[in-house]
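K.L.:
Residue numbers (the working numbering): 1050 to 1125.
Where a beta carbon is used, it is the ideal one built from N, C-alpha and C, also for glycine.
Bear in mind that the values here come from a model prediction, so they are computed numbers and not experimental data.
1) Determine the closest residue to residue 1118 out of 1077, 1104, 1108, 1051, with distance taken between C-alpha atoms.
2) Which residues in the same chain as residue 1104 place their Cβ atom closer than 6 Å to its Cβ, once the five residues preceding and following it in sequence are excluded?
3) Hey, residue 1089 and residue 1051: beta-carbon distance below 8 Å or not?
4) Using a beta-carbon distance below 8 Å, is residue 1085 in contact with chain D?
5) Going straight from the alpha carbon of residue 1071 to that of residue 1062, what length do you get?
6) Exposed or buried, which one is residue 1084 when buried takes at least 16 other CB atoms within 10 Å?
7) Pull the bridge partners of residue 1092 from the DSSP assignment, please.
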């Protein structure tokens, strides 16, 4: 089970939707959980802001993120 700081998920959700609308592909959120986590939460507000910046940079460069070939078959 994942933990989420109050307010973090809405930032993440907005950024992921922006990515998915731009690239017409699913964003592999669990592959980038190292960006969103803090000592207390898997999805922190600070991490959510970092992820949003990361996504914005990829959109600006028009470069989608790497998705490992086994990403969709993993259990999280």
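P.N.:
In short, the structure shows the following:
1) For residue 1118, the closest of 1077, 1104, 1108, 1051 by C-alpha to C-alpha distance is 1077.
2) Same-chain partners within the cutoff: 1064, 1068.
3) When the beta-carbon positions are compared, residue 1089 and residue 1051 stay at least 8 Å from each other.
4) The chain inventory of the structure shown lacks chain D, comprising one protein chain alone.
5) If I take the Cα positions, the gap works out to 14 Å.
6) Its Cβ being crowded by 16 or more others within 10 Å, residue 1084 is buried.
7) As a beta-bridge residue in DSSP terms, residue 1092 pairs with 1053.
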